[in-house]
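A.B. asks:
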Amino acid sequence: MSKTTTSAASAASADRDTTGVQGDRDTTGAPDELGAASAQLSTAPLDDTAGPVPGPGMPALGVIGWIRWFWRQLTSMRVALLLLLLLSLGSIPGSLIPQENPDALKVEDFKAAHTTLGPLYDKLGLFHVYSSVWFSAIYILLFVSLIGCIVPRTWQFVGQLRGRPPAAPKRLTRLPAYTTWRTEATPDEVHEAAQRLLKQRRFRSHQVGGSVAAEKGYLREAGNLSFHIALIVLLLAFAAGQLFKSEGGKLIMEGDGFSNTLTQYDDFKSGSLFDTDELAPFSFKLDRFEGSYEMSGPERGTARTYKAHVTYSEGAHGPEKKKAIEVNKPLEVDGSKVYLIGHGYAPTVTVRDGKGKVVQRVSVPLLPIDSMGTATGAIKILDGYRNKDGKKEQLGFNAFFVPTFAGEGNGQMFSQFPAPFNPRLALSAYHGSLGVDSGVPQNVYQLDTRKMKKFKDAKGELLKKRLKIGETLKLPNGAGSITFEKELKQWATFQISQEPGSSWALGGAIAAIAGLAGSLFIQRRRVWVRATTGADGVTVVEMAGLGRSESAKVPEELGALAAQLHEQAPSAPDADPEPTADADASAETTTDADADAETKTDPEADTPSDPDPTPDVVPAEGAEK
11 MSKTTTSAAS AASADRDTTG VQGDRDTTGA PDELGAASAQ LSTAPLDDTA GPVPGPGMPA
71 LGVIGWIRWF WRQLTSMRVA LLLLLLLSLG SIPGSLIPQE NPDALKVEDF KAAHTTLGPL
131 YDKLGLFHVY SSVWFSAIYI LLFVSLIGCI VPRTWQFVGQ LRGRPPAAPK RLTRLPAYTT
191 WRTEATPDEV HEAAQRLLKQ RRFRSHQVGG SVAAEKGYLR EAGNLSFHIA LIVLLLAFAA
251 GQLFKSEGGK LIMEGDGFSN TLTQYDDFKS GSLFDTDELA PFSFKLDRFE GSYEMSGPER
311 GTARTYKAHV TYSEGAHGPE KKKAIEVNKP LEVDGSKVYL IGHGYAPTVT VRDGKGKVVQ
371 RVSVPLLPID SMGTATGAIK ILDGYRNKDG KKEQLGFNAF FVPTFAGEGN GQMFSQFPAP
431 FNPRLALSAY HGSLGVDSGV PQNVYQLDTR KMKKFKDAKG ELLKKRLKIG ETLKLPNGAG
491 SITFEKELKQ WATFQISQEP GSSWALGGAI AAIAGLAGSL FIQRRRVWVR ATTGADGVTV
551 VEMAGLGRSE SAKVPEELGA LAAQLHEQAP SAPDADPEPT ADADASAETT TDADADAETK
611 TDPEADTPSD PDPTPDVVPA EGAEK
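Position 366 (the sequence shown) corresponds to 376 in the numbering used here; numbering is contiguous.
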C-alpha cells in the first residue's frame, strides 16, 4: 500500500468514556464537522447539571419543572451510588444488633442489659432493621432509580438496533484514526468490496451518502443494560429471600427422626411474610453417622469422611429413600434443603434410686467445645426419682465428655482425638428442683443450680468423678447411683432451609458479571470508507474510524481492514511520463540562472511533477501529537 497515513491520536475531546454505575455519559466535544458520526454512541441520558433554581431573568420553575428536576436527580448515577451506600450502611445494624424476628429473647436480654440504648434502638427500628420504614424507603428508592434509568435507555438502545450507522462526516481527516491511498478501481467497486469485507468482520454496514458506513460493538451497551437489570433481579431475590424464607435447626440422635413441622424444630426463624403452613411436608430418620479422621501429620484429627446416612420420604405417605448427607451436599426435598452442620456424642447413662431401681436410662447429647470432640452439657432427671426419705426430687449432673482421654497425669481433661478411642465422662451431682416448672424457658444443655443442693463427698466438697465406660458414681447416704454405659450414640445437627429467591439471586449474579464484563471489554466503534474520483481520474480511497473511548484498538482494527481492502483495490502506480527529445534539447540549453528565475516567477513551481494525493491530516482537537 503506497502513500498511507494513519492518525491514532488520543481524541480526548472527540469521544471520552465516562463509564459509571448506571452507564456512560458522553461528553463529546467533537467539531461540528463530525455531525451525527459521533452521536448516539451511548444510550446514557444527558447529565442535567443545571440546578432547580432558575437564573436571572428566567421564569420560575413550576410544579412540573420541580418534578422533572427531582426525577432527573433520582435517576442519576450519583444518587444511585448514594442509595447503594446507604443500603450497605443500613444493613450493618441488622448484623450487629439482635433482631426481633429471629430471636426475640436476645432482644429482651439486650434491652434489659442496656437501659439507655434499648429504648433508643427501639424508636429507630434497629431491632427490626429489614422491615423498618427507613430501610424500606432506601430499598424502594433504589429500585425506582434503577428502573427509571433502565427503561428509557432500553427503548433508545432498541431504536439504535433498528437504525443504521450515520453517514460519513465531510472531513474524515478530523477523526482520530485515518488512512488513504489511490487506486485504479472504480468508486463503486471499492464500496462493494468494503461492504463485503465489513460484513465478514461482523460490522453492520450500508452505503449512504457516497460512502460505506459501518458500526460494531452493540453488545457493550447490551452488557451495560444486562448488568443493571441483573442488579434489579438480585435486589428482588434478596427481598423475596428475606420476606419468605424459613430456617431452622434440629439435633437428631442415631435412630431418631424428624418431621418438618414447627414443633419439631429446636430453633426456627422465618421472614415476615412466611406462613408456617408453607413448610414442605417431608420427614427423615438418622440411621447412622459415619466419620473418619486423619490419624497423623499436621492435619491430625481433620475429618476425612463426614456423612449422615438418612432415610427420608416426601409427603405424608411417600416411599422411603436412602441418602447420604455431606457437608455442602444437602438433601433437597420439595424446595427445602437439609444441610449437615455438626456432629457429636451422646453418652448413655443409667440412673438408679437408693433401692437400686432404675429411674431412667437415657442417651444425653453433649455439645462439643473444640474440634477434637471435647463436649459439655447437663443430665437432668425430671421424674421418677425419690430420695432416701421417699420424697420426690429432681437430679442434675454437670457433664464433661472426651472421646479420647490422654490419661491420668497427662494434662487437663481435653480430648486428644475426635474418634472414641478412650472415652471418659466427668460428672458433678446436684439434687433439688431444676426450675423447669416455673414457666421460664431454660437451656437444656445448662444446669440451673439456684434451687438445687450439692451432693457432697467425704471431704464436704461437691461430689464429682471421672468415669470410664461401665463405671458408676454412687451418690452419698444411699441416694442412688449413675452408671456410664457401654452404648455411646452419635448425633448430628441439621439446618433445614427454604429460600425461594436463591436460584434467582444466582442467575442475577451470573448475568451481572457477564454484563459487566461485556460493558468493560467491548468497545463500540464506527468505520467509514469513502471512494471518490480525483482530478486526474484516479480513485482516492479514504478510511476512518471512531470509537467511544481512547483506545489503540480502533487504529489497529482500521489498519487491518485497510490492509485487506487494499488487496482488493491496490494502489495505483505513480505517474512518471517519458521525456521527449525536444524537452531534452530545451533542458540542455537552460541555464541555472534561467532555472532560478523560473522558480521565482512560476507560481506552479511548488507543485511537484508527481503530486501527492494524500491530504493533510488534522488530529482531533485536544489530541496529543
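Note that beta-carbon positions come from the ideal geometry of N, C-alpha and C, so glycine has one too.
Since the structure is predicted, the reported quantities are computational estimates derived from the model, not experimental observations.
(1) State the DSSP-derived secondary structure class of Met674, mapped to helix, strand or coil.
(2) From Ala223 to Gln533, what does the alpha carbon distance come to, in whole angstroms?
(3) When DSSP labels each residue in this structure, what does Leu136 get in the three-state scheme?
(4) With distances taken Cα to Cα, identify the nearest neighbour of Met305 among Pro428, Ser373, Ala232.
(5) I'd like the list of long-range same chain contacts for Ser491, defined as Cβ closer than 7 angstroms, with 5 residues on each side in sequence excluded.
(6) Can you tell which of Pro340, Leu296, Gly311, Lys295 has its C-alpha closest to the C-alpha of Ser302?
(7) Nearest CA to the CA of Pro510: which residue from Gln109, Leu253, Arg206, Gly220?
(8) Indicate the three-state DSSP secondary structure (helix, strand or coil) for Lys639 in the structure shown.
(9) When the distance is taken between beta carbons, is Gln404 closer than 8 angstroms to Leu444?
(10) Around the C-beta of Ala123, are 16 or more other C-beta atoms found within 10 angstroms, so that it is buried, or is it exposed?
(11) Could you give the residue range of the beta strand (DSSP E) that holds Tyr149?
(12) Helix, strand or coil: how does DSSP classify Thr609 here?
(13) Does Phe237 come out as helix, strand or coil in the three-state DSSP assignment?
(14) Beta-carbon within less than 6 angstroms of Pro108's beta-carbon, same chain only, minus the 5 sequence neighbours each way: which residues are those?
(15) Below 7 angstroms CB to CB, which residues in the same chain sit around Pro618 once its five sequence neighbours on both sides are set aside?
(16) Pick from Phe424, Tyr140, Gly258, Ser448: whose alpha carbon is nearest that of Phe248?
(17) How long is the line joining the alpha carbons of Thr190 and Asp546, rounded to whole angstroms?
(18) CA-CA distance, Thr196 and Leu575?
(19) With burial defined as no fewer than 16 other Cβ atoms inside 10 Å of the residue's Cβ, what is the status of Trp538: buried or exposed?
(20) Does the beta-carbon distance from Leu10 to Thr358 come in below 8 angstroms?
(21) So Ser373 packs on Ala356, CB below 8 angstroms; how close in whole Å?
(22) How far does the alpha helix (DSSP H) with Pro357 in it reach, from first residue to last?
(23) Looking at chain E, is there any beta carbon in it that lies within less than 8 angstroms of the beta carbon of Gln274?
(24) Can you give the Cα-Cα distance for Thr286 and Ala250, rounded to whole angstroms?
(25) Pair every Cβ in the stretch 509-524 with every Cβ in the stretch 175-192, then say whether three or more of these pairs are closer than 8 angstroms.
(26) By Cβ distance below 6 angstroms, which residues in the same chain neighbour Arg434 in space, the five residues on each side in sequence not counted?
(27) Is the Cβ-Cβ distance between Leu235 and Ile157 less than 8 angstroms?
(28) Mind checking whether Val348 and Ile506 have CB atoms under 8 angstroms apart?
(29) Quick one: what does DSSP say Gly569 is sitting in, helix, strand or coil?
(30) How far does the beta strand (DSSP E) with Ser86 in it reach, from first residue to last?
(31) How would you write the range of the beta strand (DSSP E) that His124 sits in, first residue to last?
(32) Buried or exposed for Arg536, please, with buried defined as at least 16 other CB atoms from any protein chain shown within 10 angstroms of its CB.
(33) At the level of alpha carbons, what is the spacing between Ser86 and Leu93?
(34) Would you say the beta carbon of Gly72 comes nearer than 7 angstroms to a heavy atom of the ligand FAD?
(35) Where Ile636 and Phe80 are concerned, what is the direct C-alpha to C-alpha distance, given to the nearest angstrom?
(36) Which one of Arg314, Thr360, Glu342, Ser293 has the shortest CA to CA distance from Glu330?
C.D. replies: In short, the structure shows the following:
(1) In the structure as shown, the chain starts at 11 and stops at 635, and residue 674 therefore has no counterpart that could be examined.
(2) One-based indexing of the sequence shown puts residue 223 at position 213. One-based indexing of the sequence shown puts residue 533 at position 523. C-alpha separation (whole angstroms): 17 angstroms.
(3) Taking the sequence shown and counting its residues from 1, one reaches residue 136 at position 126. Here Leu136 sits in coil by DSSP.
(4) Counting from 1 along the sequence shown, the entry for residue 305 is found at position 295. With distances taken between Cα atoms, Met305 lies closest to Pro428.
(5) What you label residue 491 is simply residue 481 of the sequence shown in a count that begins at 1. Only Arg362, Thr482, Leu483, Lys484, Leu485 meet the Cβ criterion.
(6) Mapped onto the sequence shown, residue 302 falls at position 292. Ranking Pro340, Leu296, Gly311, Lys295 by Cα distance to Ser302 puts Gly311 first.
(7) Working through the sequence shown from its first residue, we reach residue 510 at position 500. Cα-wise, what sits closest to Pro510 is Leu253.
(8) Look at the range of the chain in this structure, 11 to 635, and you will see that residue 639 is not part of it.
(9) Residue 444 sits at position 434 when you count from the first residue of the sequence shown. Residue 404 sits at position 394 when you count from the first residue of the sequence shown. Taking 8 angstroms as the Cβ cut-off, Leu444 and Gln404 qualify as a contacting pair.
(10) Position 113 of the sequence shown, counted from the start, is the residue given in the question as residue 123. The residue in question, Ala123, is exposed, as its Cβ has fewer than 16 Cβ neighbours within 10 Å.
(11) Position 139 of the sequence shown holds residue 149. Tyr149 -> not in any beta strand (DSSP E); alpha helix (DSSP H) instead, spanning 143-172.
(12) Counting from 1 along the sequence shown, the entry for residue 609 is found at position 599. Low confidence applies here, because Thr609 scores a pLDDT of 37, under 50, leaving its location unreliable and the question unanswered by this model.
(13) The sequence position of residue 237 within the sequence shown is 227, counting from 1. Helix, per DSSP.
(14) Against the sequence shown, residue 108 aligns to sequence position 98. Only Lys116, Val117, Phe120 meet the Cβ criterion.
(15) In the sequence shown, counting from the first residue as 1, residue 618 sits at position 608. Note that Pro618 scores a pLDDT of 39, beneath 50, so its modelled location is shaky; the value from the coordinates is reported in the next line. None.
(16) Against the sequence shown, residue 248 aligns to sequence position 238. Ranking Phe424, Tyr140, Gly258, Ser448 by Cα distance to Phe248 puts Tyr140 first.
(17) Translated into the one-based positions of the sequence shown, residue 190 becomes position 180. Translated into the one-based positions of the sequence shown, residue 546 becomes position 536. Cα to Cα, the separation comes out at about 16 angstroms.
(18) Residue mapping note: residue 196 aligns to position 186 of the sequence shown, counting from 1. Residue mapping note: residue 575 aligns to position 565 of the sequence shown, counting from 1. In a straight line, the C-alpha of Thr196 is about 13 angstroms away from that of Leu575.
(19) Here residue 538 is taken as the residue at index 528 of the sequence shown, counted from 1. Per the 10 Å Cβ criterion, buried.
(20) For residue 10 there is no data in the structure shown, the boundaries of the chain being 11 and 635.
(21) The residue given as residue 373 occupies position 363 in the sequence shown. The residue given as residue 356 occupies position 346 in the sequence shown. That pair is a contact at about 4 angstroms.
(22) As a position in the sequence shown, residue 357 is number 347, starting the count at 1. From DSSP, Pro357 is part of no alpha helix (DSSP H) but of the beta strand (DSSP E) over 346-362.
(23) In the structure shown, chain E cannot be found, because there is only a single protein chain.
(24) Taking the sequence shown and counting its residues from 1, one reaches residue 286 at position 276. Taking the sequence shown and counting its residues from 1, one reaches residue 250 at position 240. One C-alpha to the other measures close to 16 angstroms.
(25) no
(26) By 1-based counting over the sequence shown, the position of residue 434 is 424. Once the five neighbours on either side are set aside, the close Cβ partners of Arg434 are Val412, Phe415, Arg476.
(27) Here residue 235 is taken as the residue at index 225 of the sequence shown, counted from 1. Here residue 157 is taken as the residue at index 147 of the sequence shown, counted from 1. No, these two residues do not count as a Cβ contact at 8 angstroms.
(28) Taking the sequence shown and counting its residues from 1, one reaches residue 348 at position 338. Taking the sequence shown and counting its residues from 1, one reaches residue 506 at position 496. Yes, the pair counts as a contact, with Cβ atoms nearer than the cut-off.
(29) Locating residue 569 in the sequence shown gives position 559, counting from the first residue. If DSSP states are grouped into helix, strand and coil, Gly569 belongs with the helices.
(30) Working through the sequence shown from its first residue, we reach residue 86 at position 76. Unbroken run through Ser86: none, as it is neither H nor E.
(31) The residue given as residue 124 occupies position 114 in the sequence shown. That residue, His124, is in no beta strand (DSSP E); it is neither H nor E in DSSP.
(32) One-based indexing of the sequence shown puts residue 536 at position 526. Flag for Arg536 reads buried.
(33) The residue labelled residue 86 in the question sits at position 76 within the sequence shown. The residue labelled residue 93 in the question sits at position 83 within the sequence shown. Taking the straight line joining both Cα atoms gives about 11 angstroms.
(34) Absence of the ligand FAD is noted for the structure shown, with no ligands found whatsoever.
(35) An answer regarding residue 636 cannot be provided, because it is not within the stretch 11 to 635 covered by the chain.
(36) For the purposes of this step, residue 330 is taken as the residue at position 320 of the sequence shown. Comparing Cα-Cα distances from Glu330 to each of Arg314, Thr360, Glu342, Ser293, the minimum goes to Ser293.
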